[in-house]
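The sequence shown begins at 27 in this note's numbering and counts up one residue at a time.
By construction, the Cβ of each residue, glycine as well, lies at the ideal position given by its N, Cα and C atoms.
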Amino acid sequence: MYRTSTGERTLKGKEAEAFQHMLSMMLDEFDPTVEWNITDPEMTTYGITAYDEMSFGQKLWSLNLVSKALLVESITYPPLVAYVEATVATVFIMADVLLDMEKDSSADYPKFTDLMKAALAELAEPGDESCDDFEPSELVTVLEERIFWDQDYLSADIYLDSASESSRPLDEDNGGYYTAIAHDPPESQYKALYKELIELMEV
């Protein structure tokens, strides 16, 4: 379960499948059986400070946290703090990678654009605008807006010491929107966390 802009919910159907496609593009970087993944400090950066500045373990743990919350209904929703939302936002950056792959693929290759359209068609309510003529980037934006309240997480490098900058109320036990810190698990837990992410591809 995740507290989205459209209510407390779990992604279902094609919307879940679209998220799983994006998530799958990140998983190779977290495979703990590849030694350089853990030992190389220069992991891919995405321009989202609240995500980029986390350690390997924090990123792996946070990715596990948000992916379970979005895909498994029985999971308690995580706090809406900067590192949580930044992790989800980083997964959505993978949409650009999938769209670039789509441009270079054969005509019979499954299209991420078509998957996003199918997701929005499933979610459509009477009176909603058709997304058939949307550009791929617009489809990504609509799916993002169904999850995010705003983009406060992008200001983490400016407001590191202030939770009051967030535009929405946050529970006091969240530890502050910008100051909350992701758990950094011991290396002995990496394989289990990674395995759980792989299993989420089948949810």
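In the DSSP assignment, threonine 30 falls within the unbroken beta strand (DSSP E) covering 28–30.
Bridge partners of glycine 33 according to DSSP: Thr30. Excluding its 5 nearest sequence neighbours in each direction, proline 58 has C-beta neighbours in its own chain below 7 Å: Ile64, Tyr216, Lys217, Tyr220, listed in chain order. Methionine 51: not part of any alpha helix (DSSP H); DSSP gives it neither H nor E.
Secondary structure of phenylalanine 118 (DSSP, three-state): helix.
Only residues of its own chain outside the window of five on either side were considered, and among them Lys143 have a CB closer than 8 Å to the CB of aspartate 158, listed in chain order.
Of the residues assessed, isoleucine 173 falls on the buried side of the cut-off, its CB having 16 or more other CB atoms within 10 angstroms. For tryptophan 62, the secondary structure class from DSSP, reduced to helix, strand or coil, is helix.
For serine 81, the CB contacts under 8 Å within the same chain, skipping 5 residues up- and downstream, are Asp210 in chain order. Only exposed fits glycine 153, as fewer than 16 other CB atoms lie within 10 angstroms of its CB.
For phenylalanine 174, the secondary structure class from DSSP, reduced to helix, strand or coil, is coil.
In the three-state reduction of the DSSP assignment, lysine 129 falls in the helix class. In this model, valine 123 and leucine 149 are separated by some 24 Å (Cα to Cα). Its chain contains Met27, Lys94, Ala95 as the residues whose beta carbon lies nearer than 7 Å to that of isoleucine 101, once the 5 sequence neighbours on both sides are disregarded; these appear in chain order. In terms of CA proximity to tyrosine 109, Ser181 leads the group Thr30, Ser181, Leu226.
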